[in-house]
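K.L.:
Per our numbering, the sequence shown starts with residue 62, numbered consecutively.
Where is the CB? At the ideal position from N, CA and C, for every residue including glycine.
Every value quoted in this text rests on a predicted model; they were computed, and no experiment measured them.
Okay, handing you the structure first.
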Amino acid sequence: MVEANFGHTRPEHIVGLRRVEELKEWQGRRIGAAVTWRRLEDDGPRALAQAARTVGSPQIRNAGTIGGNLATASPAGDGHPFLAAADASIELISAAGTRQVRWDDFFTGVKQTSMAADELISAVVLPDDLPDRHEFAKVGVRNAMVISTVCAVVSRRDDGRTTVALGSVAPTPIRARQAEEMISSVARPSPSDRAEFARLVSAEIRPITDHRSTEEYRRHAAGVLCRRLLERCLR
Ligand SMILES: Cc1cc2nc3c(=O)[nH]c(=O)nc-3n(C[C@H](O)[C@H](O)[C@H](O)COP(=O)(O)OP(=O)(O)OC[C@H]3O[C@@H](n4cnc5c(N)ncnc54)[C@H](O)[C@@H]3O)c2cc1C
62 MVEANFGHTR
72 PEHIVGLRRV
82 EELKEWQGRR
92 IGAAVTWRRL
102 EDDGPRALAQ
112 AARTVGSPQI
122 RNAGTIGGNL
132 ATASPAGDGH
142 PFLAAADASI
152 ELISAAGTRQ
162 VRWDDFFTGV
172 KQTSMAADEL
182 ISAVVLPDDL
192 PDRHEFAKVG
202 VRNAMVISTV
212 CAVVSRRDDG
222 RTTVALGSVA
232 PTPIRARQAE
242 EMISSVARPS
252 PSDRAEFARL
262 VSAEIRPITD
272 HRSTEEYRRH
282 AAGVLCRRLL
292 ERCLR
């Protein structure tokens, strides 16, 4: 609707999905594409619920869905870092059948996905073994009704394996693999380990300067945010 209101798109046909009940189904690790942020706020895995609570306003959260967030493929989509941190897959359906695409094969660029023109997102599929702890946070120009300048999820398992996923710092959601590797090998990260972790996150991302922020601020904020999220996971 935002695109249509700005005259960027004039679709010839519009298909309403709100009454397709199957898309609202949520069974265990399979979350239907039409599950709203409102439902995710209450029942989602911790970091996804945290992300849901930051999306827009109550009105937006009552209407907005995880499937719409994915299909938009905005670099600032707040649902994306959790899916990247958890290595989730996207289930796509068309007349030809159903297929699952891993998150890193789904996002192909700014507002670009590998979804074919005749495909619909039917669900998000999370792995069975979600990390023991996972935390989301975002930085924006205010605390509510704000598009992320940087958003991130850090997850950590009891054996130390850590994942770090960020949004708004590259054309697609990304993982900070060097930072992950470094911190996963440290059983009890010291303050200097955590500072090095933040430095690696800041160095690895690919932010740009745009109307929301500068490249320099995004690098700084991403490092600080991920260090704080790691510290929450370590408590
Ligand atoms: C005021 C405002 C504040 C917002 N704040 C945030 C925010 O803080 N964080 C954030 O991440 N987003 C935000 N958004 C963006 C948006 O509302 C959310 O990303 C929402 O989750 C989109 O879901 P939707 O169901 O409303 O999708 P729609 O807006 O209805 O659709 C978006 C696109 O996805 C396609 N689509 C929808 N469902 C499917 C499907 N199942 N399969 C294939 N394609 C599909 C549509 O065709 C369309 O191209 C905001 C939007 C507004 C207007």
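Where E242 and T223 are concerned, what is the direct C-alpha to C-alpha distance, given to the nearest angstrom?
P.N.:
Translated into positions along the sequence shown, residue 242 becomes position 181. Translated into positions along the sequence shown, residue 223 becomes position 162. Approximately 8 Å, taken between the alpha carbons.
K.L.:
Give me, in chain order, the residues of the same chain whose beta-carbon lies closer than 8 Å to that of W164; leave out the 5 immediate sequence neighbours on both sides.
P.N.:
Here residue 164 is taken as the residue at index 103 of the sequence shown, counted from 1. Here the set comprises H141, L144, A145, D148, A149, S150, I151 and P234.
K.L.:
Secondary structure at L131, three-state DSSP: helix, strand or coil?
P.N.:
Walking along the sequence shown from the start, residue 131 turns up at place 70. DSSP places L131 in helix when its eight states are reduced to three.
K.L.:
Can G125 and W87 be called in contact, C-beta distance under 9 Å?
P.N.:
Indexing the sequence shown from 1 puts residue 125 at position 64. Indexing the sequence shown from 1 puts residue 87 at position 26. No.
K.L.:
At what residues does the beta strand (DSSP E) containing G228 begin and finish?
P.N.:
By one-based count along the sequence shown, residue 228 stands at place 167. Per DSSP, G228 belongs to the beta strand (DSSP E) from T223 to G228.
K.L.:
For E196, tell me which candidate among A134, R218, E265 and I75 has the shortest Cα-Cα distance.
P.N.:
Here residue 196 is taken as the residue at index 135 of the sequence shown, counted from 1. Nearest option by C-alpha distance: R218.
K.L.:
Would you call the CB atoms of R293 and R194 closer than 9 Å?
P.N.:
Residue numbering aside, residue 293 sits at position 232 when the sequence shown is read from its first letter. Residue numbering aside, residue 194 sits at position 133 when the sequence shown is read from its first letter. Cβ distance < 9 Å, so R293 and R194 count as in contact.
K.L.:
Taking the beta strand (DSSP E) that I121 falls in, what are its first and last residues?
P.N.:
Translated into the one-based positions of the sequence shown, residue 121 becomes position 60. No beta strand (DSSP E) holds I121; the alpha helix (DSSP H) holding it covers P119 to A124.
K.L.:
Assuming A237 contacts E265 under a Cβ cut-off of 8 Å, what Cβ separation, rounded to an integer in Å, is found between them?
P.N.:
Position 176 of the sequence shown, counted from the start, is the residue given in the question as residue 237. Position 204 of the sequence shown, counted from the start, is the residue given in the question as residue 265. Their Cβ separation, rounded to whole angstroms, is 5 Å, which keeps A237 and E265 in contact under 8 Å.
K.L.:
To the nearest angstrom, how far is it from the Cα of P72 to the Cα of R79?
P.N.:
Indexing the sequence shown from 1 puts residue 72 at position 11. Indexing the sequence shown from 1 puts residue 79 at position 18. Roughly 18 Å separates the two Cα atoms.
K.L.:
Could you check if T275 belongs to the surroundings of ligand 1, using beta carbon to heavy atom distance under 8 Å?
P.N.:
For the purposes of this step, residue 275 is taken as residue 214 along the sequence shown, with counting starting at 1. T275 Cβ: outside cutoff for every heavy atom of ligand 1.
K.L.:
Under a three-way DSSP split, which group does H186 fall into?
P.N.:
What you label residue 186 is simply residue 125 of the sequence shown in a count that begins at 1. Before going further, note that residue 186 is Val rather than His in the sequence given. The answer is strand: DSSP assigns V186 an E or B state.
K.L.:
Measuring alpha carbon to alpha carbon, tell me which residue in S251, E102 and R280 is nearest A110.
P.N.:
For this step, residue 110 is matched to residue 49 along the sequence shown. Of the listed residues, the one whose Cα sits closest to A110 is E102.
K.L.:
So for S216, helix, strand or coil by DSSP?
P.N.:
Taking the first residue of the sequence shown as position 1, residue 216 is located at position 155. If DSSP states are grouped into helix, strand and coil, S216 belongs with the strands.
K.L.:
Below 8 Å on the Cβ atoms is my guess for K85 versus T133; work out the distance and round it to an integer in Å.
P.N.:
Taking the first residue of the sequence shown as 1, we reach residue 85 at position 24. Taking the first residue of the sequence shown as 1, we reach residue 133 at position 72. With a Cβ gap of about 19 Å, K85 and T133 do not count as contacting.
K.L.:
Taking the alpha-carbon of G170 as reference, which of V200, D190, A184 and G138 has the nearest alpha-carbon?
P.N.:
By 1-based counting over the sequence shown, the position of residue 170 is 109. G170 has its Cα closest to that of G138, out of V200, D190, A184 and G138.
K.L.:
Go ahead and pull the three-state DSSP assignment for V211.
P.N.:
For the purposes of this step, residue 211 is taken as the residue at position 150 of the sequence shown. Strand.
K.L.:
Return helix, strand or coil for E298, following the three-state DSSP convention.
P.N.:
Because the chain in this structure spans residues 62 to 296, residue 298 falls outside the shown range and cannot be described.
K.L.:
Measure the C-alpha to C-alpha separation of R279 and P268 and round it to an integer number of angstroms.
P.N.:
Here the question's residue 279 lines up with position 218 in the sequence shown. Here the question's residue 268 lines up with position 207 in the sequence shown. Using only the alpha carbons, I get a separation of about 7 Å.
K.L.:
Going by other Cβ atoms of all chains shown within 10 Å of its Cβ, with 16 needed for buried, is I244 buried or exposed?
P.N.:
Translated into positions along the sequence shown, residue 244 becomes position 183. Classification of I244: buried, given that the 10 Å Cβ count is 16 or more.
K.L.:
At a cut-off of 8 Å, would you count V116 as near ligand 1, judging by its Cβ distance to the nearest heavy atom?
P.N.:
Translated into positions along the sequence shown, residue 116 becomes position 55. It does: the Cβ of V116 is within 8 Å (strictly closer) of some heavy atom of ligand 1.
K.L.:
Report the option in L181, A205 and V214 whose CA atom is closest to the CA atom of V262.
P.N.:
In the sequence shown, the residue the question calls residue 262 occupies position 201. The candidate whose alpha carbon is nearest that of V262 is V214.
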